[in-house]
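**Student:** Once you've had a glance at the structure underneath, I'll fire off some questions.
Residue numbers (our numbering): 1 to 74.
What follows is the structure, given as structure tokens:
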């Protein structure tokens with residue numbers, strides 16, 4: 001069995017892919033993770049969760065996937 005790795009999601013991201021990556025890692029619905037994040041953000045006066053999101057965006061690597069191509073028409 002392959003070990004799970006935490007990564008930012010490219011497929012289900014809205015801003016940075018942090019909530020989607022956490023949802024994939026913990027095998028949860030992305031919408032529930034986003035709602036929990038927003039709820040905690042509101043209760044904690046926004047700043048701590050915003051700071052967590054920015055730090056996580058910097059620290060958590062992007063998921064491995066196909067390399068983006070230059071130009072779609074060629």
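Just so you know, even glycine gets a beta-carbon here, dropped at the ideal spot from N, CA and C.
1. Ends of the alpha helix (DSSP H) at residue 58?
2. Within the continuous alpha helix (DSSP H) that includes residue 8, where are the two ends?
3. Work out the CA separation of residue 40 and residue 75 for me, nearest whole Å.
4. Among the residues of its own chain, which have a CB less than 7 Å from the CB of residue 6, if the five just before and after it don't count?
**Tutor:** To lay it out plainly:
1. As a working note, residue 58 is residue 58 in the chain shown. 47-59 is the extent of the alpha helix (DSSP H) around residue 58.
2. Counting from 1 along the chain shown, the entry for residue 8 is found at position 8. For residue 8, there is no enclosing alpha helix (DSSP H), as DSSP marks it with neither H nor E.
3. Examination of residue 75 is not possible in this model, given that the chain is present from 1 through 74 alone.
4. Position 6 of the chain shown, counting from 1, holds the residue named residue 6. 21, 25, 60.
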